[in-house]
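These notes are about the structure you will find just below.
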Amino acid sequence: MSGILGNISLVSGFTILSRVLGLLRDMLFFACFGGSYVGGAFVLAFTLPNLFRRMLGEGTLSSAFIPVFSETIETKSLDEGLSLLNKVLTRLALGLVAILLLGLCLVFLVDGLDLLISPKWRLGVELCSVTLPYVLAICLSALIVGALNARKKFSPGASSPIILNLAMIATLAVGGIVYGLDGEDLALALCVSVLIGGVLQLFAPAFSLHRLEGWKYKFDFGQSAELSRIRELFVVGAFGAAVGQVNVLVSRFLGYSLPDEGAVSMLFLTSRLTELPLGVFAIAIATVVFPEMARLLGQKDELGFRRAFTKGLRLTLVITLPAAMGLALLAEPILVTLFQWGRFGAGEVLATVPILMLASFGLPFYAVAAFYIRGFHARKDMKTPLLAALLSLVANLLFSLVLMKYWGVLGLAAANGLAAIIQTCYLVFRWRQVHDPLESEEDDSPCLFPSIVSTVAMSVVVAFGRSGIERLDISHKGSSAISLAVLIPLALAVHFVCLWVFSFPEVKAGIDSLKRRIRCRGED
């Protein structure tokens with residue numbers, strides 16, 4: 000298990016760097032676009048290729064591919080596994096080209112209907128025509144990254160988002176600040192930078208797989224039993240992933256239809272901030288634990304699988320519960336300190352705070368649902384996640400249509416959270432129908448009670464600390480920055496101490512390991 004924790008730390012480290020660059024990118028983005036409809040149009044155009052990435056790349060196809068790929072390597076050979084990768088890549092590339100051509104035809108058709116759509120929607124469609132080719136590069140890249148992850152090579156995939164962030168940061172900094180591009184011109188330049196970043200994201204992991212495992216791509220239309228199994232898993236799982244991504248698209252389109260021009264931008268910003276802890280820790284945990292679960296099932300080690308699952312769930316809860324409360328309590332200081340620049344002023348901050356608070360409460364449910372879905376995928380069960388996604392879509396659509404009438408964009412945020420809660424409850428219920436919790440050892444418990452107690456203690460400290468800092472005779476931006484600099488480390492310390500008091504397994508193991516190292520150095 001120490002290897003799992005080490006790999007999680009590695010992925011988290013690269014993800015932290017990526018998210019820091021992502022924050023810098025978003026700060027520049029909102030400073031340049033504010034809450035304008037031009038910024039919203041880019042967000043909409045960037046959403047579409049990312050939906051396909053999550054569905055075809057790092058989503059369902061990877062979930063169907065990795066267990067079969069791992070099992071092929073375990074039972075046959077690495078060469079057979081790499082040959083399987085080529086077969087899947089060949090079919091994926093041709094399928095993506097067909098989707099890309101169809102998408103571009105639809106975009107140009109809609110763009111030609113000038114009299115039937117508003118300038119706001121026409122701009123969104125035009126930018127979509129530029130970003131759609133990103134689908135091809137990023138989906139192929141995600142599958143190659145999946146093969147690397149299955150071989151316990153996590154660095155190339157974890158560092159891949161850094162490339163895209165650097166490309167977009169360079170465009171915003173040089174184009175927006177140095178050369179003074181703004182509005183539609185800057186949005187178009189940003190779309191081009193997405194394409195450049197996507198090409199680099201494809202070549203980087205491909206080169207890594209070639210260097211580390213000797214892989215060479217070959218156009219391969221051959222058949223195999225393993226390929227048939229991947230196809231069977233993917234067909235069912237693709238519906239679930241498609242439904243899940245349509246869920247996101249529904250919220251963005253409904254937000255774009257609201258009279259408030261900044262609705263989509265505010266939803267995007269809150270999504271980015273909640274994805275920070277989600278991506279740094281929760282997704283990192285799932286990324287590392289999923290191939291391990293698939294490997295253990297390939298070895299018919301049921302007990303090892305269930306222990307790996309429980310460990311991943313325990314780490315997900317202990318990280319996302321306090322992260323959600325911290326994000327909610329520090330919503331205003333975070334937005335003021337990081338994003339109140341340029342065209343994103345105090346008014347936009349005040350409008351975004353309640354949206355971020357609502358979104359933060361859904362964070363643990365998103366994380367737990369994502370981890371349970373990986374657990375079902377490791378067992379090659381794609382039907383349960385499909386039913387959960389359908390349930391979430393229906394709930395989100397109904398809640399959105401009702402709540403947006405009364406609360407606008409705030410109602411959309413609330414609908415997303417409620418749909419996540421319903422989806423998570425269904426997944427947990429279905430899992431418990433099949434699996435009994437392990438009770439043989441203390442380390443096999445999710446340790447929910449210590450996580451809740453430490454989260455409450457941390458929240459009390461943050462709430463009182465923020466109240467005290469706000470009484471200081473300094474500017475609002477200054478007090479916000481001090482709140483983040485002081486309260487975040489203090490909250491982490493309180494959280495750690497509480498977990499230590501309750502003998503949380505990973506904290507206890509870490510302290511014991513540190514003591515052994517100190518003892519060994521003393522003996523030397």
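Be aware that the sequence shown starts at 0, since it is given in numbering that gives the first Met the number 0, and climbs by one per residue. We put the CB at the ideal spot given by N, CA and C, even for glycine.
Ser-35, enclosing alpha helix (DSSP H) - first and last residue
First-last for Ser-35: undefined, no H or E at that position.
In whole angstroms, give me the CA-to-CA distance for Leu-426 and Leu-316.
CA-to-CA, the gap between Leu-426 and Leu-316 works out to about 15 Å.
When Val-96, Ala-293 and Ala-92 are compared against Phe-218, the one with the closest alpha-carbon:
Of the candidates Val-96, Ala-293 and Ala-92, the one whose C-alpha sits nearest the C-alpha of Phe-218 is Ala-92.
Helix, strand or coil: which one does DSSP assign to Tyr-371?
In the structure shown, Tyr-371 sits in a helix (DSSP, three-state: H, G or I).
DSSP state of Gln-432, grouped into three classes?
In the structure shown, Gln-432 sits in a helix (DSSP, three-state: H, G or I).
Nearest-angstrom Cα separation, counted from Leu-355 out to Leu-272:
Cα-Cα distance, rounded: 8 Å.
Ordered along the chain, which non-local residues of its own chain (more than five positions away) have a Cβ less than 7 Å from that of Ala-146?
Same-chain partners within the cutoff: Phe-68, Leu-84 and Leu-208.
Lys-86 vs Gly-221 beta-carbon contact at 9 Å
Contact: yes.
Output the distance between the C-alpha atoms of Asp-184 and Phe-29, rounded to the nearest integer angstrom.
Between Asp-184 and Phe-29, the C-alpha separation is close to 15 Å.
9 Å Cβ cutoff met for Tyr-36 and Lys-119
Contact: yes.
Contact belief for Gly-325 with Ala-490 at Cβ below 8 Å, rounded distance in angstroms:
For Gly-325 against Ala-490, the beta-carbon gap comes to about 6 Å, under 8 Å, which counts as contact.
Applying the criterion that 16 or more other CB atoms from any shown protein chain within 10 Å of the CB defines a buried residue, is Ala-368 buried or exposed?
Label assigned to Ala-368: buried.
By the three-class DSSP mapping on this structure, what secondary structure does Gln-422 have?
It is helical.
Helix, strand or coil for Met-381, going by three-state DSSP, please let me know.
In the three-state scheme derived from DSSP, where H, G and I count as helix and E and B as strand, Met-381 is classed as coil.
Taking the alpha carbon of Ala-205 as the reference point, which residue from Leu-189, Val-124 and Cys-138 has its own alpha carbon closest?
Closest option to Ala-205, Cα to Cα, is Cys-138.
Taking 8 Å as the limit between beta carbons, can you name the residues of its chain near Phe-107, skipping five residues before and five after?
The residues are Ser-128.
Using C-beta distances below 6 Å, list every residue in its chain close to Asp-25, excluding the 5 sequence neighbours before and after it, in chain order.
Contacts found: Arg-271.
How would you write the range of the alpha helix (DSSP H) that Pro-258 sits in, first residue to last?
Per DSSP, Pro-258 belongs to no alpha helix (DSSP H) and is neither H nor E.
For Lys-310, count neighbouring Cβ atoms within 10 angstroms of its own Cβ and tell me buried if that reaches 16, exposed if not.
With 16 or more other Cβ atoms from the protein chains shown falling within 10 Å of its own Cβ, Lys-310 counts as buried.
In angstroms, rounded to a whole number, what distance separates the CA positions of Gly-303 and Phe-375?
Straight-line Cα distance between these residues: approximately 15 Å.
Can you tell me the Cα-Cα spacing of Leu-161 and Leu-16, whole angstroms?
A quick correction: the sequence has Ile, not Leu, at residue 161. Each residue's alpha carbon lies about 7 Å from the other.
Does DSSP put Val-344 in a helix, a strand or coil?
The sequence given here has Gly at residue 344, not Val. Gly-344: coil per DSSP, three-state reduction.
Report back the beta-carbon spacing between Lys-152 and Leu-201 to the nearest angstrom; my notes put them in contact at under 8 Å.
About 17 Å separates the CB atoms of Lys-152 and Leu-201; that is not less than 8 Å, and the two are not in contact.
Any 3 or more C-beta pairs closer than 8 Å across the stretch 290-299 and the stretch 383-394:
Below 8 Å, too few C-beta pairs join the stretch 290-299 and the stretch 383-394 to call them touching: fewer than three.
Using 9 Å as the threshold, is the C-beta distance between Ala-40 and Gly-123 below it?
Yes. Within cutoff.
Starting from the C-beta of Thr-130, find all residues in its chain whose C-beta is less than 8 Å away, skip the five residues before and the five after it, and write them out in chain order.
The residues are Ala-44, Phe-45, Leu-47, Pro-48, Cys-190, Val-193 and Leu-194.
Cα-Cα separation, Ala-307 to Met-292
Distance between the alpha carbons of Ala-307 and Met-292 is about 6 Å.
Mind checking Ala-492: buried by the 16 CB within 10 Å criterion, or exposed?
Only exposed fits Ala-492, as fewer than 16 other CB atoms lie within 10 angstroms of its CB.
With a CB to CB cut of under 8 Å and the five nearest residues on each side skipped, what residues in its chain are close to Ser-250?
Scanning its chain for C-beta atoms nearer than 8 Å, with the 5 sequence neighbours on each side dropped, one finds around Ser-250 the residues Leu-266, Asn-395, Ser-399, Leu-411, Ala-414 and Asn-415, in chain order.
Under the rule that 16 or more other beta-carbon atoms within 10 Å means buried, what is Ala-377, buried or exposed?
Buried, because 16 or more other Cβ atoms sit within 10 Å of the Cβ of Ala-377.
Would you kindly work out how many angstroms separate the C-alpha atoms of Leu-486 and Ala-169, rounded to a whole number?
Leu-486 and Ala-169 have their alpha carbons spaced roughly 32 Å apart.
Three-way DSSP call (helix, strand, coil) for Gly-221 in this model:
Reduced to three states, the DSSP call for Gly-221 is coil.
Among the residues of its own chain, which have a CB less than 6 Å from the CB of Arg-294, if the five just before and after it don't count?
Excluding positions up to five away in sequence, the list reads Ser-69.
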